[in-house]
Amino acid sequence: MIIKAIRLQNFLCYYGENEITFSEGLNLILGANGFGKSKLYDALHWAFDDYIFNTETGESENTSIVKSKLVCDKTKAECAIGEIITTSVEIEVEHTSKETYRLKRVYTIKKIGESQFTEPLKSETSLFYKDVLYFKPTIEDFTEKVEKLIPSSTRPYVWFKGERGIEKLINTTDEKSLREVIERLSNISRWESYKKITEKATETASADLTKQRNTNKKEADKIADLERQKNNLEKEIERLEKYIEDDEKNRAIAEEEQEKYLAKKDDANKIKEIHTKLFSAKKQYENIKKEYEKKDMGFTTQLFDKQWILLGLDKYIAEFGKKIQNYDYEKEDLKRKQTGKESKFKLSANIPDPIKLQEMLDEGKCFVCDQPIAEHSDAYHFIEEKMNYKEEITKVLDTLNNHEEFFSQLRNNALRLETVIQDVPQDITEYMKEIEHLKQQAKIAEEEVNRIENELSRLVQSANIEEEQADNIMTNYRHAKKRANDLISNIATNQEQLRINKANLKEKEQELHKLTKDDSEVLYLEKVKEILEDIKTIAHNTKDRIYQQLIQQLEDKANKHFTNINNIGGAFVGKIKFQPWGKGFRPKIMSNGVEVFSSNTSNISAMKLSIIMAIISAKDRNAEFYPLIADAPVSDFDEVKTITLLNEIGNTFTQSIIMFKDLLKENKNPNSQQDIYIVDDEALNDLRQKLPKDKPIVVHQLFAYNNSDVDNRTGTYTKIQKVKEL
Numbered sequence: 000m001i002i003k004a005i006r007l008q009n010f011l012c013y014y015g016e017n018e019i020t021f022s023e024g025l026n027l028i029l030g031a032n033g034f035g036k037s038k039l040y041d042a043l044h045w046a047f048d049d050y051i052f053n054t055e056t057g058e059s060e061n062t063s064i065v066k067s068k069l070v071c072d073k074t075k076a077e078c079a080i081g082e083i084i085t086t087s088v089e090i091e092v093e094h095t096s097k098e099t100y101r102l103k104r105v106y107t108i109k110k111i112g113e114s115q116f117t118e119p120l121k122s123e124t125s126l127f128y129k130d131v132l133y134f135k136p137t138i139e140d141f142t143e144k145v146e147k148l149i150p151s152s153t154r155p156y157v158w159f160k161g162e163r164g165i166e167k168l169i170n171t172t173d174e175k176s177l178r179e180v181i182e183r184l185s186n187i188s189r190w191e192s193y194k195k196i197t198e199k200a201t202e203t204a205s206a207d208l209t210k211q212r213n214t215n216k217k218e219a220d221k222i223a224d225l226e227r228q229k230n231n232l233e234k235e236i237e238r239l240e241k242y243i244e245d246d247e248k249n250r251a252i253a254e255e256e257q258e259k260y261l262a263k264k265d266d267a268n269k270i271k272e273i274h275t276k277l278f279s280a281k282k283q284y285e286n287i288k289k290e291y292e293k294k295d296m297g298f299t300t301q302l303f304d305k306q307w308i309l310l311g312l313d314k315y316i317a318e319f320g321k322k323i324q325n326y327d328y329e330k331e332d333l334k335r336k337q338t339g340k341e342s343k344f345k346l347s348a349n350i351p352d353p354i355k356l357q358e359m360l361d362e363g364k365c366f367v368c369d370q371p372i373a374e375h376s377d378a379y380h381f382i383e384e385k386m387n388y389k390e391e392i393t394k395v396l397d398t399l400n401n402h403e404e405f406f407s408q409l410r411n412n413a414l415r416l417e418t419v420i421q422d423v424p425q426d427i428t429e430y431m432k433e434i435e436h437l438k439q440q441a442k443i444a445e446e447e448v449n450r451i452e453n454e455l456s457r458l459v460q461s462a463n464i465e466e467e468q469a470d471n472i473m474t475n476y477r478h479a480k481k482r483a484n485d486l487i488s489n490i491a492t493n494q495e496q497l498r499i500n501k502a503n504l505k506e507k508e509q510e511l512h513k514l515t516k517d518d519s520e521v522l523y524l525e526k527v528k529e530i531l532e533d534i535k536t537i538a539h540n541t542k543d544r545i546y547q548q549l550i551q552q553l554e555d556k557a558n559k560h561f562t563n564i565n566n567i568g569g570a571f572v573g574k575i576k577f578q579p580w581g582k583g584f585r586p587k588i589m590s591n592g593v594e595v596f597s598s599n600t601s602n603i604s605a606m607k608l609s610i611i612m613a614i615i616s617a618k619d620r621n622a623e624f625y626p627l628i629a630d631a632p633v634s635d636f637d638e639v640k641t642i643t644l645l646n647e648i649g650n651t652f653t654q655s656i657i658m659f660k661d662l663l664k665e666n667k668n669p670n671s672q673q674d675i676y677i678v679d680d681e682a683l684n685d686l687r688q689k690l691p692k693d694k695p696i697v698v699h700q701l702f703a704y705n706n707s708d709v710d711n712r713t714g715t716y717t718k719i720q721k722v723k724e725l
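Oh and the sequence shown: position 131 is 130 in numbering that gives the first Met the number 0, straight run, nothing missing.
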């Protein structure tokens, strides 16, 4: 069934005419608290079942109780005395066979006083069938048609209201909760009745057989004694079978504990291994961090140790060179003025010195240009002249303040530093690269520490064990193993005694048969009893087998939904397990065979919703044609988990109608005339990316209006508007 549209007229807070069209896929009804979400949910239930929910008690109340409270207060306030007000909800649905119907429920009142109305105890229904283009009334029964469209046994699992509605369906503290689900899921109750019928028939046949045997007067005493022994053996057999059944259950529990402790031991060893890895990773991180900090702090010392502080002084060295040059020019000018000669020598007076000049003449070779100097050549005479000139200059300089040697030393030192300064930028660059490399290495090491810590945290949480508990694991394991072995021994002993008793019972039956073998009526009743016992055994085995299959089917489907809802990176998921409990089953969240205690409310809600979705998808192959209708199904989910839930709902149901306040945010546009809430497009687009393209999303928003005092309900009403379709 697909709900195509709903039309409301003066229903509760919905004033006047309101129409909402739905599509297949995900239909979201967004509204803040008090904006009419629950009233829309009530409209659907009222149209189908003639009841709404009392928000205070959570119980359903039909029209005979609610009466004129169904009618919009604003409409009643505006109505004149003597006027009639019609309240109606009409729902257009499409059946799986593509037949389209309109179901309409109407409640009519008349104003007879200022605040008085006629209040009929019943509403009226009508049913229409679409014949090609037009809807025509049909003689089909309204209630029967509703039952065909969506069975009452299925309805509670696809239409529920808030956490309270979910809790009523899936009560984790009630052993009967899942048993009732199994009964609704299947024809298991039929096999239970078969079982009881065959048990009763077998008891009757046995009584008839005993009665017939006792009619034999000749062997009456012997037959009575054999019957007494047979009855005692049957009681003992029943007692032993009960012992064996209980011991089998306890053995299963003990063996489960063995596995649990073995798993815990493995986890404890893993925890120790991870602790070792964590210690090593932390040590490596600290070493790299210290080296990085040392290198980073050492930058200041490098300024002086490697003369980086000179960076930028090269321009001053060049400037100093110019000053030296000017000094030389001024000195030459002084020489010229003192000697009266123009110097044709560009080198300083002591460069090369007179000794070197003489050595060049003696060797016949210039030490500057490495050219030969022939005796009496121009070069030879030039050097001689320079030597004579130096002698004259020296005499002149002796009379002046000559700082040439000091300046020359400064110049030479500056020239050496110039080479050092040239290398400083490269040295600093290399040093900074080393710092950055160490910084990156420290970051990688820190991330590795965080990764290992997260791995350890997840393992500790999933294993539900601390490292110091590991020493007790094997002790607990041995105790569980001993209990299991003791129970196995008890089972074997009881089974052997059961075998003996059954053999003895068979002997008594054979003796009784011999005593009554000539009685045709006894022979007939023996055969009847034998056949009925075989049928009883078949009924017992079949019921148990089908029950276990249904439990496993439900558990598998629930875990699929549970994993998808909790599909959030890094979050703990666990696994749903239906554990035998009393005469039924109880759902638990398990981790490595161990129940997760104190699981958060979000995970519990996810488990219950997963079971509900599993119930629907397991009920029959047409389950996807039942629309999911939920009013605020969860309040403890964050935005991310809400998106994963909606994604799973969208992928599970052909159609869903979800009413909640999520995906709304405050409207911070001061110039906007819209409501104070707007749709959170970012979250909605995230949902759109997750759902398949063939799963449409339609978004309606509820808007609340008030034409008078906010404390006056007669001026308050709700309107609904389609705002998005993706």
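Beta carbons are placed, not taken as given, at the ideal position from N, Cα and C, and that holds for glycine.
Note that the structure is a prediction, hence the values are computed from the model and not measured.
message = Helix, strand or coil, according to DSSP, for Q370 in the structure here?
response = One-based indexing of the sequence shown puts residue 370 at position 371. Q370 sits in coil when the DSSP states are folded into three classes, being neither helix nor strand.
ask   = Out of E290, I28, L11, which has the shortest C-alpha to C-alpha gap to L683?
value = The residue labelled residue 683 in the question sits at position 684 within the sequence shown. Of the candidates E290, I28, L11, the one whose C-alpha sits nearest the C-alpha of L683 is I28.
ask   = What three-state label does DSSP hand H375 in the structure shown?
value = Position 376 of the sequence shown, counted from the start, is the residue given in the question as residue 375. Secondary structure of H375 (DSSP, three-state): coil.
request  = Write down every uninterrupted run of the alpha helix (DSSP H) in the segment 638 to 689 whose length is 4 residues or greater and which is fully enclosed by it, in chain order.
outcome  = You should have 638 to 651, 680 to 689.
9 Å Cβ cutoff met for Y523 and I149 = Numbered from 1 along the sequence shown, position 524 holds the residue referred to as residue 523. Numbered from 1 along the sequence shown, position 150 holds the residue referred to as residue 149. No, the pair does not count as a contact, with Cβ atoms beyond the cut-off.
inquiry  = Suppose you measure from the CA of D295 to the CA of L686; what does that come to, to the nearest Å?
reply    = Working through the sequence shown from its first residue, we reach residue 295 at position 296. Working through the sequence shown from its first residue, we reach residue 686 at position 687. Straight-line Cα distance between these residues: approximately 47 Å.
query = How about G727 and L701: do their beta carbons lie closer than 9 Å?
reply = No information on residue 727 is available, as it lies outside the stretch 0 to 725 that the chain covers here.
task = In angstroms with no decimal places, state the Cα-to-Cα distance between C78 and K664.
result = Taking the first residue of the sequence shown as 1, we reach residue 78 at position 79. Taking the first residue of the sequence shown as 1, we reach residue 664 at position 665. Cα to Cα, the separation comes out at about 37 Å.
key: Closest by C-alpha distance to T651, when choosing among I677, K559, E93, D661   = Position 652 of the sequence shown holds residue 651. Per the Cα distances, K559.
ask   = Do you know how far the Cα of F116 is from the Cα of I677?
value = As a working note, residue 677 is residue 678 in the sequence shown. As a working note, residue 116 is residue 117 in the sequence shown. Spanning the alpha carbons of I677 and F116 requires a straight line of approximately 39 Å.
inquiry  = Quick check on M0: does DSSP put it in helix, strand or coil?
reply    = The residue you call residue 0 lines up with position 1 of the sequence shown. Reduced to three states, the DSSP call for M0 is coil.
inquiry  = Is it buried or exposed, E16, if we count other Cβ atoms within 10 angstroms and call 16 or more buried?
reply    = In the sequence shown, counting from the first residue as 1, residue 16 sits at position 17. E16 should be labelled exposed.
message = Could you pull the DSSP bridge partners for I443 from this structure?
response = As a position in the sequence shown, residue 443 is number 444, starting the count at 1. In DSSP, I443 forms no bridge with anything.
ask   = If we ignore side chains and look at the alpha-carbon of each, how far apart do T54 and L608 end up?
value = Within the sequence shown, the letter at position 55 stands for residue 54. Within the sequence shown, the letter at position 609 stands for residue 608. Each residue's alpha carbon lies about 21 Å from the other.
ask   = CA-CA distance, T107 and A629?
value = By one-based count along the sequence shown, residue 107 stands at place 108. By one-based count along the sequence shown, residue 629 stands at place 630. Spanning the two alpha carbons is a distance of roughly 28 Å.
request  = Report the option in K110, I111, K160, K103 whose CA atom is closest to the CA atom of F134.
outcome  = Taking the sequence shown and counting its residues from 1, the one referred to as residue 134 is at position 135. Cα-wise, what sits closest to F134 is K103.
ask   = Which class does Y625 belong to by DSSP, given the choice of helix, strand or coil?
value = Against the sequence shown, residue 625 aligns to sequence position 626. DSSP places Y625 outside both helix and strand once states are collapsed to three, so it counts as coil.
inquiry  = Assuming contact is defined by CB atoms lying nearer than 9 Å, are L458 and D637 in contact in what I supplied?
reply    = Indexing the sequence shown from 1 puts residue 458 at position 459. Indexing the sequence shown from 1 puts residue 637 at position 638. Contact: no.
task = Can you tell me the Cβ-Cβ gap for L168 and L645, rounded? I've got them flagged as a contact below 8 Å.
result = Residue numbering aside, residue 168 sits at position 169 when the sequence shown is read from its first letter. Residue numbering aside, residue 645 sits at position 646 when the sequence shown is read from its first letter. With 8 Å as the limit, L168 and L645 do not qualify as a contact, their Cβ atoms being about 20 Å apart.
Check whether E198 and K501 have beta carbons under 9 Å apart = The residue labelled residue 198 in the question sits at position 199 within the sequence shown. The residue labelled residue 501 in the question sits at position 502 within the sequence shown. The beta carbons of E198 and K501 sit no closer together than 9 Å.
key: Per-residue burial, G30 [other beta carbons within 10 Å of its own, 16 or more giving buried]   = Here residue 30 corresponds to residue number 31 of the sequence shown, with the count starting at 1. Looking at its Cβ environment, which holds 16 or more other Cβ atoms inside 10 Å, G30 is buried.
inquiry  = Do K660 and N726 count as a contact pair if the criterion is CB distance below 9 Å?
reply    = No answer is possible for residue 726: it lies beyond the span of the chain, which begins at 0 and ends at 725.
task = Leaving aside the five residues before and after Y291 along the sequence, list all residues of the same chain whose C-beta is less than 8 Å from its C-beta, in chain order.
result = The sequence position of residue 291 within the sequence shown is 292, counting from 1. Within the same chain, I434, L437, K438, Q440, A441 come within 8 Å of Y291 by CB-CB distance, once the 5 residues on both sides are set aside.
task = Give the DSSP-derived three-state secondary structure of A703 in the structure shown.
result = As a first step, residue 703 is located in the sequence shown; it is residue number 704 there, counting from the start. Here A703 sits in strand by DSSP.
request  = Express the C-alpha separation of E235 and I499 in angstroms, rounding to a whole number.
outcome  = The count along the sequence shown starts at 1 and reaches residue 499 at position 500. The count along the sequence shown starts at 1 and reaches residue 235 at position 236. Distance between the alpha carbons of I499 and E235: 11 Å.
Inter-residue Cα distance where the pair is E681 and Q720 = Residue numbering aside, residue 681 sits at position 682 when the sequence shown is read from its first letter. Residue numbering aside, residue 720 sits at position 721 when the sequence shown is read from its first letter. Using only the alpha carbons, I get a separation of about 20 Å.
task = With a threshold of 16 other CB atoms inside 10 Å of the CB of H380, please say whether the residue is buried or exposed.
result = The residue given as residue 380 occupies position 381 in the sequence shown. Counting of Cβ neighbours within 10 angstroms places H380 among the exposed residues, the total staying below 16.
task = Determine the direct distance from the alpha carbon of K385 to that of A373, and round the result to whole angstroms.
result = Start at 1 with the first residue of the sequence shown, and residue 373 comes out as number 374. Start at 1 with the first residue of the sequence shown, and residue 385 comes out as number 386. Going from the Cα of A373 to the Cα of K385 covers about 16 Å.
query = DSSP three-state call for D543: helix, strand or coil?
reply = Along the sequence shown, one-based indexing puts residue 543 at 544. Looking at D543 - three-state DSSP - the assignment turns out to be helix.
ask   = E809: buried (16+ other C-beta within 10 angstroms of its C-beta) or exposed?
value = Examination of residue 809 is not possible in this model, given that the chain is present from 0 through 725 alone.
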